[in-house]
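Input: a single structure, listed below in structure tokens.
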């Protein structure tokens, strides 16, 4: 339901602002390759941060496992794949498909990148550090939107979706194993 609401926001506000949130969505080989390759850096950062002994990152893991673990642990593999894709798809339609171009109209490319990801950070607020990390991830996704020279929303959708799938699988496994701490 929540993710469907993100699409309603993107298309509703997009219609009011004259912005088609999927105008830059192209299903092509370049987008697929860039999206798959662009997932690797986030995957490596996730693996390090999820398994580190840094106290502030361990606290984020604990909160994620405690809050999301009970929901995700009850899901099968197909459910987690679907949820990860759905979250990445809908969030990217809203943030990179609508908000970034909307802010760019008045603030230019850099303003669009920064302001859309301030919003991205705020809606991912679990702690100040988590919001900062989410905002930096959003900036990475904003750059990914324009990789290859021609804007393609498929790239950040793939990166975000694959990242969420990995994160959801890890959180579910941690919860099942009782590893929130």
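Numbering (my numbering), first residue to last: 6 to 186. Glycine included, C-beta positions come from ideal geometry on N, C-alpha and C.
Around the C-beta of residue i, are 16 or more other C-beta atoms found within 10 angstroms, so that it is buried, or is it exposed?
i: residue 169; result: buried
i: residue 101; result: buried
i: residue 148; result: exposed
i: residue 41; result: exposed
i: residue 95; result: buried
i: residue 93; result: buried
i: residue 32; result: exposed
i: residue 143; result: buried
i: residue 28; result: exposed
i: residue 76; result: exposed
Can you list, in chain order, the residues of its chain whose CB lies under 7 Å from that of residue i, leaving out five sequence neighbours each side?
i: residue 107; result: 22 and 24
i: residue 16; result: 26
i: residue 120; result: 108 and 112
i: residue 173; result: 77, 85, 88 and 89
i: residue 118; result: 105, 144 and 147
CB-CB under 6 Å to residue i, same chain, minus the five flanking residues each way: which ones, in chain order?
i: residue 47; result: 168
i: residue 73; result: 176
i: residue 116; result: 108
Alpha carbon to alpha carbon, how far is residue i from residue j?
i: residue 82; j: residue 88; result: 10 Å
i: residue 97; j: residue 104; result: 9 Å
i: residue 11; j: residue 19; result: 12 Å
i: residue 45; j: residue 13; result: 30 Å
i: residue 129; j: residue 177; result: 19 Å
i: residue 90; j: residue 166; result: 4 Å
i: residue 140; j: residue 79; result: 29 Å
i: residue 182; j: residue 70; result: 11 Å
i: residue 126; j: residue 49; result: 20 Å
i: residue 84; j: residue 8; result: 14 Å
i: residue 154; j: residue 122; result: 21 Å
i: residue 151; j: residue 157; result: 6 Å
i: residue 179; j: residue 68; result: 12 Å
i: residue 145; j: residue 124; result: 14 Å
How do the segment 124-135 and the segment 56-65 stand: do at least 3 beta-carbon pairs fall below 8 Å, yes or no?
Output reads yes: the segment 56-65 touches the segment 124-135.
Counting pairs of Cβ atoms below 8 Å between the segment 106-116 and the segment 44-61, do you hit three or more? The segment 106-116, when compared against the segment 44-61, does not touch it at the 8 Å Cβ threshold.
query = When the Cβ atoms of the segment 30-40 are set against those of the segment 155-162, are three or more pairs found closer than 8 Å?
reply = Yes, they touch.
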